[in-house]
Amino acid sequence: MRHTTQGCPVRAAALVFALSLLAALCLLSGCAGVAVKPVPLERRFNALDRTAINSSEPSALTIAFLKQRDLDAQWRDDPEGLIQRLDDKFHADPGIGTLFALVELSHLQAKRLAAEPDRAAAYDLSCAVYAYLFLFDPKVAPPEGTLRPNARLAAEFHNRSLSRYVLYARTRELRFSPGDRLPMASGALELRSRVVDLPFAPDEFSQILLSFSYEVTGLDVTYSVPGLGVPLILERDPSGKPDSDPARRFLPRIRQVLAATLFLRVDTGHATDADGQRVRACTLEVHDPMRTDSTRVNGYTVPLETDTTTPLAWMAAHAPSPQGIKGLMDPAALQGVQGLYMLQPYEKDKIPVVFVHGLISSPLTWIPMLNGLMGDPELRRRYQFWYFSYPTGNPVLYSASLLRQSLESARLICDPQGDSPAFSNMLIVGHSMGGLLAKAMVQDPGDRLWNALTTLPPSQLKAAQDVRDLVEKIFFFRPLPFVSEAVFISSPHRGSEMALGTIGAIGKALVTLPFTLARASATLLATLSGLGHKLHLDGLPTGIDSLSPKNPMLKIMADTPVAVPFHSIIGNEAKAGVAGGTDGVVPYWSSHLDGARSELIVKSGHGAHEHPLAIREVRRIMLEHAANPPR
Numbered sequence: 001m002r003h004t005t006q007g008c009p010v011r012a013a014a015l016v017f018a019l020s021l022l023a024a025l026c027l028l029s030g031c032a033g034v035a036v037k038p039v040p041l042e043r044r045f046n047a048l049d050r051t052a053i054n055s056s057e058p059s060a061l062t063i064a065f066l067k068q069r070d071l072d073a074q075w076r077d078d079p080e081g082l083i084q085r086l087d088d089k090f091h092a093d094p095g096i097g098t099l100f101a102l103v104e105l106s107h108l109q110a111k112r113l114a115a116e117p118d119r120a121a122a123y124d125l126s127c128a129v130y131a132y133l134f135l136f137d138p139k140v141a142p143p144e145g146t147l148r149p150n151a152r153l154a155a156e157f158h159n160r161s162l163s164r165y166v167l168y169a170r171t172r173e174l175r176f177s178p179g180d181r182l183p184m185a186s187g188a189l190e191l192r193s194r195v196v197d198l199p200f201a202p203d204e205f206s207q208i209l210l211s212f213s214y215e216v217t218g219l220d221v222t223y224s225v226p227g228l229g230v231p232l233i234l235e236r237d238p239s240g241k242p243d244s245d246p247a248r249r250f251l252p253r254i255r256q257v258l259a260a261t262l263f264l265r266v267d268t269g270h271a272t273d274a275d276g277q278r279v280r281a282c283t284l285e286v287h288d289p290m291r292t293d294s295t296r297v298n299g300y301t302v303p304l305e306t307d308t309t310t311p312l313a314w315m316a317a318h319a320p321s322p323q324g325i326k327g328l329m330d331p332a333a334l335q336g337v338q339g340l341y342m343l344q345p346y347e348k349d350k351i352p353v354v355f356v357h358g359l360i361s362s363p364l365t366w367i368p369m370l371n372g373l374m375g376d377p378e379l380r381r382r383y384q385f386w387y388f389s390y391p392t393g394n395p396v397l398y399s400a401s402l403l404r405q406s407l408e409s410a411r412l413i414c415d416p417q418g419d420s421p422a423f424s425n426m427l428i429v430g431h432s433m434g435g436l437l438a439k440a441m442v443q444d445p446g447d448r449l450w451n452a453l454t455t456l457p458p459s460q461l462k463a464a465q466d467v468r469d470l471v472e473k474i475f476f477f478r479p480l481p482f483v484s485e486a487v488f489i490s491s492p493h494r495g496s497e498m499a500l501g502t503i504g505a506i507g508k509a510l511v512t513l514p515f516t517l518a519r520a521s522a523t524l525l526a527t528l529s530g531l532g533h534k535l536h537l538d539g540l541p542t543g544i545d546s547l548s549p550k551n552p553m554l555k556i557m558a559d560t561p562v563a564v565p566f567h568s569i570i571g572n573e574a575k576a577g578v579a580g581g582t583d584g585v586v587p588y589w590s591s592h593l594d595g596a597r598s599e600l601i602v603k604s605g606h607g608a609h610e611h612p613l614a615i616r617e618v619r620r621i622m623l624e625h626a627a628n629p630p631r
């Protein structure tokens, strides 16, 4: 027998009631099918990492903020109206959630308005200001001892938006003069002042570039420190600029490049002008990372975003082409650029570290080393970086005399009273032939070099003044009193057999010594020969001759004690840490010196000065040198 609801009003009513109740429950619960499902961690992390920086949508945090307040539709339909509405809300009732939403939405709106630079710039500046307030406004500060949420993300928004605004300002040729008003999406910034902590006046720079706009190639490591601000490349053309500071004669007379960081300091309070517009005061600061790597804001020590690699690479890429071959073959051609140079103006309280390049090379060979050392904030704080440029075709002892004269001139100009502890703690670093020049700064060979040339006592030499001066400079010298430590890298203290072979013979045949040096040496040799004294040399050796293991003067210098603590860094093509072998140019028996305070052998060819472990070793030596001066 079949049962139906027909004819049974009670059952029918009960069924209708049950179905109605079920429908009501579904409506109350939303019947949305809420569930969870497993996903790969990376997929979930990628979703959580999405922000306005790396996508066209706000972060999950800002989306939640909008949805909770039923503002997501207005964000889609009227983003500028929503940003104004949130700005009004923040100023009426400051909240960190509102402020972070303003940061992200302003950043997104600036990107959307890329085709309208003036409007986009207003939102970029707004984003930078909102991010600054997020970090430092005491009205939204977290409880003491609590980390501020999203602080690093806010710093990234600030830096990126400020960077885009700086690019915009360059295209509009904005001068950023005190009193200028810079429009924001809501209100304006008024520039109260400019603070420039640089060794040169702002109007001396011919170009101001963003480090973020360039990618470095050719260097293994980029040294940048996360912080707040925009890293800059500043380019200065010194030609034709008179300078009252005599120490600046040691600055390169070609393009000079400096690193800097632009920092925007914003008042957390604001005023309302006669038009009802909110106006915040700000200060535009430019800091030199060679002098400082942080600033103070509302009681906080704030690290500055710094990049020392990109400006250094820019300098190297735009420097005149290396002329190592020309300096070997025709030393006279480079006499105009030889000498001692400072990467930045002299600073009395910083220790000079002087780099001397090797044969067939130029100062550009030190770029990887300088990159590694200048990337260290402590070394930037304690040291100033100098280099010596010279044509390597000249005799080693003659080039050493030029280095000695340059350093003595720097002492006379920069520290005439000899009362600078930093200057008197100079460190010198030489690679290859440059190590021989560096070593000559801290040796006293007595009269042995002269005796290796002739049997005539120097006091009996009868010659023109320029010849006697040359003899005095080349053959007779004492340790410089202000050089207190030395580093020799791949240095041929006892020569290189390469100088004896075909390569050495060809090189020697092609070398033309400068006329004045050749004339003076010829006069000297003729004078000695005419007096009937025995000569131990046929003529003045070239740079290649100087490196011959048979060169008696090289042997004398190898046996002469080094008057200061010194370190050796040696290349071995076969294996690190193993004494013996060769770097392909200089064998271990030549590069090793007894008495070294330390000796590091790296697996490397002759370019050991570019090896990362060699760079770390020089860094270690410099840190110890600064902390515990040898004397």
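The opening position of the sequence shown corresponds to residue 1 in UniProt numbering, with each subsequent residue numbered one higher. Ideal Cβ placement from N, Cα and C applies to all residues, glycine included.
Looking at the secondary structure, which residues open and close the alpha helix (DSSP H) in which residue i lies?
i, result
"residue 371", "367–374"
"residue 662", "In the structure as shown, the chain starts at 1 and stops at 631, and residue 662 therefore has no counterpart that could be examined."
"residue 426", "Per DSSP, residue 426 belongs to no alpha helix (DSSP H); it is in the beta strand (DSSP E), 426–431."
"residue 159", "151–171"
"residue 76", "72–77"
"residue 301", "Counting along the chain, residue 301 falls outside any alpha helix (DSSP H), though it belongs to the beta strand (DSSP E) covering 300–303."
"residue 471", "465–475"
"residue 279", "Element bounds for residue 279: not the alpha helix (DSSP H) but the beta strand (DSSP E), 278–287."
"residue 341", "Not the alpha helix (DSSP H): residue 341 falls in the beta strand (DSSP E), residues 339–342."
"residue 62", "60–68"
"residue 310", "309–318"
"residue 44", "41–49"
Starting from residue i, trace the beta strand (DSSP E) in both directions and tell me its first and last residue.
i, result
"residue 104", "Looking at the DSSP string, residue 104 is not in any beta strand (DSSP E); the run it does join, the alpha helix (DSSP H), is 96–112."
"residue 257", "256–266"
"residue 622", "Note, residue 622: premise wrong, no beta strand (DSSP E); alpha helix (DSSP H) at 612–627."
"residue 208", "205–210"
"residue 192", "188–197"
"residue 567", "566–572"
"residue 453", "From DSSP, residue 453 is part of no beta strand (DSSP E) but of the alpha helix (DSSP H) over 448–453."
Using the three-state DSSP reduction, which class does residue i fall into: helix, strand or coil?
i, result
"residue 54", "coil"
"residue 235", "strand"
"residue 271", "strand"
"residue 223", "coil"
"residue 214", "coil"
"residue 181", "strand"
"residue 228", "strand"
"residue 395", "coil"
"residue 494", "coil"
"residue 252", "coil"
"residue 144", "coil"
"residue 129", "helix"
Can you give the Cα-Cα distance for residue i and residue j, rounded to whole angstroms?
i, j, result
"residue 627", "residue 264", "35 Å"
"residue 613", "residue 573", "14 Å"
"residue 374", "residue 147", "31 Å"
"residue 555", "residue 494", "6 Å"
"residue 620", "residue 266", "40 Å"
"residue 355", "residue 428", "6 Å"
"residue 53", "residue 282", "25 Å"
"residue 549", "residue 610", "26 Å"
"residue 565", "residue 195", "43 Å"
"residue 329", "residue 368", "Summary for residue 329: the model assigns pLDDT 41, below 50, so the residue's position carries little reliability; its value from the coordinates is reported in the next sentence. Approximately 26 Å, taken between the alpha carbons."
If you count every other CB in all the chains shown that lies within 10 Å of the CB of residue i, and 16 or more means buried, which is it?
i, result
"residue 401", "buried"
"residue 389", "buried"
"residue 459", "exposed"
"residue 415", "buried"
"residue 348", "exposed"
"residue 81", "exposed"
"residue 625", "buried"
"residue 505", "Reliability fails at residue 505, whose pLDDT of 42 lies under 50, so the model's placement of it is uncertain and no value is given."
"residue 41", "exposed"
"residue 559", "exposed"
"residue 46", "exposed"
Decide yes or no for the touch test of the segment 433–450 against the segment 481–493: beta carbon pairs closer than 8 Å, at least 3 of them.
-> Here the segment 433–450 makes contact with the segment 481–493; the two share three or more CB pairs at distances below 8 Å.
Does the segment 145–161 come close enough to the segment 96–103 that 3 or more CB-CB pairs lie under 8 Å?
-> Between the segment 96–103 and the segment 145–161 there are three or more C-beta pairs closer than 8 Å, enough to call the two in contact.
Touch test, the segment 199–212 against the segment 226–241, Cβ-Cβ under 8 Å, three pairs minimum = The segment 199–212 vs the segment 226–241: in contact.
Contact the segment 158–168 vs the segment 188–205: 3+ CB pairs below 8 Å = Counting Cβ pairs under 8 Å, fewer than three are found: no touch.
The segment 573–588 in contact with the segment 440–458 per 3-pair CB rule at 8 Å | No, they do not touch.
Count the CB pairs spanning the segment 124–131 and the segment 249–262 that are closer than 8 Å, and state whether there are at least three.
-> Verdict: no, contact absent.
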